[in-house]
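Protein chains in written order, with our numbering: chain V, 1 to 136; chain A, 1001 to 1136; chain R, 2001 to 2136; chain L, 3001 to 3136; chain F, 4001 to 4136; chain D, 5001 to 5136.
Note that the Cβ used here is the ideal one computed from N, Cα and C, for glycine as well.
Below is one structure; the comments refer to it alone.
Number of protein chains: 6
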Amino acid sequence: MNTERKEPTYLYTDDQVAERSAIARQFIETRRKLNTIVDAADNYLVKRFYNIDHNTYLEGVIPAKYKELMGLVVSAGLRCDDCIYYHVIQSYRLGVTRQEQEESLNVALVVGGRSRPIGCVVTAVGRVVRVRPASL
Amino acid sequence: MNTERKEPTYLYTDDQVAERSAIARQFIETRRKLNTIVDAADNYLVKRFYNIDHNTYLEGVIPAKYKELMGLVVSAGLRCDDCIYYHVIQSYRLGVTRQEQEESLNVALVVGGRSRPIGCVVTAVGRVVRVRPASL
Amino acid sequence: MNTERKEPTYLYTDDQVAERSAIARQFIETRRKLNTIVDAADNYLVKRFYNIDHNTYLEGVIPAKYKELMGLVVSAGLRCDDCIYYHVIQSYRLGVTRQEQEESLNVALVVGGRSRPIGCVVTAVGRVVRVRPASL
Amino acid sequence: MNTERKEPTYLYTDDQVAERSAIARQFIETRRKLNTIVDAADNYLVKRFYNIDHNTYLEGVIPAKYKELMGLVVSAGLRCDDCIYYHVIQSYRLGVTRQEQEESLNVALVVGGRSRPIGCVVTAVGRVVRVRPASL
Amino acid sequence: MNTERKEPTYLYTDDQVAERSAIARQFIETRRKLNTIVDAADNYLVKRFYNIDHNTYLEGVIPAKYKELMGLVVSAGLRCDDCIYYHVIQSYRLGVTRQEQEESLNVALVVGGRSRPIGCVVTAVGRVVRVRPASL
Amino acid sequence: MNTERKEPTYLYTDDQVAERSAIARQFIETRRKLNTIVDAADNYLVKRFYNIDHNTYLEGVIPAKYKELMGLVVSAGLRCDDCIYYHVIQSYRLGVTRQEQEESLNVALVVGGRSRPIGCVVTAVGRVVRVRPASL
Chain V
1 MNTERKEPTY LYTDDQVAER SAIARQFIET RRKLNTIVDA ADNYLVKRFY NIDHNTYLEG
61 VIPAKYKELM GLVVSAGLRC DDCIYYHVIQ SYRLGVTRQE QEESLNVALV VGGRSRPIGC
121 VVTAVGRVVR VRPASL
Chain A
1001 MNTERKEPTY LYTDDQVAER SAIARQFIET RRKLNTIVDA ADNYLVKRFY NIDHNTYLEG
1061 VIPAKYKELM GLVVSAGLRC DDCIYYHVIQ SYRLGVTRQE QEESLNVALV VGGRSRPIGC
1121 VVTAVGRVVR VRPASL
Chain R
2001 MNTERKEPTY LYTDDQVAER SAIARQFIET RRKLNTIVDA ADNYLVKRFY NIDHNTYLEG
2061 VIPAKYKELM GLVVSAGLRC DDCIYYHVIQ SYRLGVTRQE QEESLNVALV VGGRSRPIGC
2121 VVTAVGRVVR VRPASL
Chain L
3001 MNTERKEPTY LYTDDQVAER SAIARQFIET RRKLNTIVDA ADNYLVKRFY NIDHNTYLEG
3061 VIPAKYKELM GLVVSAGLRC DDCIYYHVIQ SYRLGVTRQE QEESLNVALV VGGRSRPIGC
3121 VVTAVGRVVR VRPASL
Chain F
4001 MNTERKEPTY LYTDDQVAER SAIARQFIET RRKLNTIVDA ADNYLVKRFY NIDHNTYLEG
4061 VIPAKYKELM GLVVSAGLRC DDCIYYHVIQ SYRLGVTRQE QEESLNVALV VGGRSRPIGC
4121 VVTAVGRVVR VRPASL
Chain D
5001 MNTERKEPTY LYTDDQVAER SAIARQFIET RRKLNTIVDA ADNYLVKRFY NIDHNTYLEG
5061 VIPAKYKELM GLVVSAGLRC DDCIYYHVIQ SYRLGVTRQE QEESLNVALV VGGRSRPIGC
5121 VVTAVGRVVR VRPASL
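This is the structure we're talking about:
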């Protein structure tokens, strides 16, 4: 099952997203600081794990944007707020529309219930709105 | 966000899947029995919940097959074995290939870890193999 | 907050429930075997934990039957099948009606979603039906 | 199982709770903002889900206050902090005493353990104390 | 943080454990079948994940036996029955005593509660007992 | 299985940890406030639970430091941020090195996945770094 993979084409950089949303900026900045610490730790197993993680979301038989939305759904289901921010931003960078994000979050809602993802869903839907500039 | 929705086009019926896989058949039969009991209970809130659940997976801005795969990923992440069987079968009925199922399960693996979905992943991948006839 | 507590009054013994339902009987028998093993282990921390667990479900400012139903709801939310059987049986022994069990499981459904408790909900509703004799 | 349902009788409005507790006020205000965003999204499946959620907690064969406490217990078990705040406030509005809240949280503690709900339990017990004015 | 790692020294092979316990044998056989299917799938990301997994449990600054027990504790906390079997067997192969297994499971019990790991704890303690021959 | 237990020997007090790390200090102070509220509630079941919790981490057949690391691993797996802080601090007080913490967190990573513990892992590894003074 080793189909060719390639890097997805992002429509926006992290910095461009950060410019459009205070919440996204705060998340991106915090994540950079923590990643610096993790990089300094130089733990080879963590690095390998990150490598798998990176490869998982490449373009494949499934378009990268749907994989990011899958990551969003399972993150909402597992109530991982940081992961939700991450996949909301990543999917936005890939041109995913708000309608697509909402349809994905509906899956998280029926599968994961109100208790688990609903706080996340409410928050994430709010984030989506706020991440997007008024003109979009 | 009320885009038009429509029923997806299934390539196979439940019965056709059941004919191809003993495991799928067992799951489908058990599910029918339990659904009969639930139907007999005639609980209107459960029925409304099932209605939302049904509508969540219709064709929309996201193709139905990717929604079923999202359901598979979050089910694996939440370690809901029954849900995994369900979405493996549903996605198969929609023509999802084994490669697509595997790429989806990779997302579940990196997001949910070995402990949560791996038993499910191993099982589901096994199921996928066994659900499919040799010629596919 | 040390209100008086007392043992709840059970309408049925475990054995009487076991006589009415093959599923309940299987659960009760397996549980007895495992408890024998745990008792033989004679682990004082496990025993203390069981003591807290026992005291939690006594009659208090909240009637014991509602505490058993709370145990059922959180067990469904956490997808602990064994715990669901246990609390379905315990609440039945306290005279809880099927309507009360269903209303409780609705809370589990909206809070915990389809993926986590729904398999449990479907199963438990089925169990309830089967635990009860036709005349109830 | 379609017993008559009716709206519960609240002893306090959200605003009255907000006046008595800074923590409750902050939660209620944030929730209103997020709900405004969700309402604006006008997602019909989310709206249906909220409708089920609303109906789940009505007066039924189980008194509304015990359903709110069930919601509290499963929310603590699933470690949904926002849900805990919500059900602590809702049960308070229905006249639930602190003793009743504590007995409920004990169920969450033995079922969900220290890791999952204990932070929530500690927090929620603290919240309860702080939500209540000294004279209660 | 790249300390030298090396393979742990197992006191027993899988087959020797399988000879001593019907439950262990069943688990080991099922796992072999599923691993055969996964191997046949030849998914390079799953293979890399398994490689990290293997390296995680090598002898390091923490002795391998304590890492297996950590795996047991978190598996019990996450209620992954298959993972519990796996780590019970692995730790047994490394000479871990039943007392050590029980002390580890106590951590799982207080952290993860009755609902999540208790079924697992009860089961696992039973498994431990049954995996060990009477003379141990 | 009632081996002798005794209090572990801590190398540092909570206050000494608080002096070395702003993050640890904030956690320790908040925890003290909440514990004061819980103590005032004087709930005998919660007190018994805390007693079991305390006894679980004593020196036994497994050294206390490995039990704290087990607590860290399952807390990361269950994504209990407060518990992670607690066990990072406790294990630090027992002289656990950063290498030992990292090897433990690797177990959490492969078992619990990125979504659940990775935010915790990243955060906790960062905490570890920041808890330790530069000279360590």
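> Hey, residue 1090 of chain A and residue 1068 of chain A are a contact pair by Cβ (cut 8 angstroms); roughly how many whole angstroms apart?
Replying inline: 5 angstroms
>> Give me, in chain order, the residues of the same chain whose beta-carbon lies closer than 6 angstroms to that of residue 3014 of chain L; leave out the 5 immediate sequence neighbours on both sides.
In response: 3028
> Rounded to a whole number of angstroms, what is the C-alpha to C-alpha distance between residue 2017 of chain R and residue 2071 of chain R?
Replying inline: 19 angstroms
> Name the residues in the stretch 2057 to 2081 of chain R whose C-beta lies less than 7 angstroms from a C-beta of chain L; which are they?
Replying inline: 2060, 2061, 2062, 2066, 2067, 2069, 2070, 2071, 2073, 2074, 2075, 2077 and 2078
>> Tell me the DSSP secondary structure of residue 4102 of chain F in three-state form.
In response: helix
> Can you check whether the CB of residue 4055 of chain F is closer than 8 angstroms to the CB of residue 45 of chain V?
Replying inline: yes
> Does the Cβ-Cβ distance between residue 2110 of chain R and residue 113 of chain V come in under 8 angstroms?
Replying inline: yes
>> Restricting to runs no shorter than 4 residues, where is the alpha helix (DSSP H) found entirely within the stretch 51 to 90 of chain V?
In response: 64 to 77
> Using 8 angstroms as the limit for Cβ to Cβ distance, is residue 1099 of chain A near chain V?
Replying inline: yes
>> Quick check: is the beta carbon of residue 1011 of chain A nearer than 8 angstroms to any beta carbon in chain F?
In response: no
> In whole angstroms, what separates the C-alpha of residue 3078 of chain L from that of residue 5010 of chain D?
Replying inline: 33 angstroms
>> At the 8 angstroms Cβ level, is residue 3045 of chain L part of the contact set with chain A, yes or no?
In response: yes
>> Below 8 angstroms on the Cβ atoms is my contact criterion, and I expect residue 2032 of chain R with residue 5052 of chain D to pass it. Report the Cβ-Cβ distance as a whole number of Å.
In response: Actually they do not touch by this definition, with Cβ atoms about 24 angstroms apart.
>> Just to confirm before moving on: does the CB-CB distance between residue 5076 of chain D and residue 5105 of chain D stay below 8 angstroms?
In response: yes
>> Counting C-beta neighbours from all protein chains within 10 Å, is the total for residue 22 of chain V 16 or more, i.e. buried, or is it exposed?
In response: exposed
> Do residue 2095 of chain R and residue 3103 of chain L have their CB atoms nearer than 8 angstroms?
Replying inline: no
> In chain R, which residues lie with their C-beta within 7 angstroms of the C-beta of residue 5031 of chain D?
Replying inline: In chain order: nothing, as chain R lies at least about 21 angstroms away.
> For residue 5034 of chain D, which residues in chain V fall below 8 angstroms Cβ to Cβ?
Replying inline: Result: empty, since nearest Cβ-Cβ is about 21 angstroms, beyond 8 angstroms.
>> Any beta carbon from chain A within less than 8 angstroms of residue 3025 of chain L's own beta carbon?
In response: no
>> Please state whether the Cβ-Cβ distance between residue 3074 of chain L and residue 2073 of chain R is less than 8 angstroms.
In response: yes
> Could you give the distance in angstroms between the alpha-carbon of residue 4085 of chain F and the alpha-carbon of residue 4035 of chain F?
Replying inline: 15 angstroms
> If the cut is a Cβ gap below 7 angstroms, which residues of chain F does residue 5106 of chain D touch?
Replying inline: 4056
>> Contact defined as beta carbons within less than 8 angstroms: I believe residue 4007 of chain F pairs with residue 4058 of chain F. What is the distance between those atoms, to the nearest angstrom?
In response: 6 angstroms
> Using a C-beta to C-beta distance shorter than 7 angstroms, which residues of chain V count as neighbours of residue 1089 of chain A?
Replying inline: None at all; the shortest Cβ gap to chain V is about 16 angstroms.
> So who's on the other strand from residue 2006 of chain R, going by DSSP bridges?
Replying inline: R/2059
> Going along the chain, which residues of its own chain have a beta-carbon closer than 8 angstroms to the beta-carbon of residue 1005 of chain A, five neighbours each way excluded?
Replying inline: 1055, 1058, 1059 and 1060
> Given a threshold of 16 other Cβ atoms within 10 Å of its Cβ, counted over all protein chains shown, does residue 3041 of chain L qualify as buried or as exposed?
Replying inline: buried
> How about residue 66 of chain V and residue 1092 of chain A: do their beta carbons lie closer than 8 angstroms?
Replying inline: no
> What does residue 1052 of chain A touch in chain V if you count any residue whose Cβ is under 9 angstroms from its own?
Replying inline: 106, 109 and 110
> So is residue 5019 of chain D in contact with chain F if we call contact Cβ pairs under 8 angstroms?
Replying inline: no
> Which runs of the beta strand (DSSP E) spanning at least 3 residues fall entirely within the stretch 2020 to 2049 of chain R, listed in chain order?
Replying inline: none
>> Which of the three DSSP states is assigned to residue 3096 of chain L in this structure?
In response: coil
>> Closest to residue 30 of chain V by C-alpha separation, out of V/82, V/12, V/88 and V/50, would be which residue?
In response: V/82
> For residue 3007 of chain L and chain R, any beta-carbon pair shorter than 8 angstroms?
Replying inline: no
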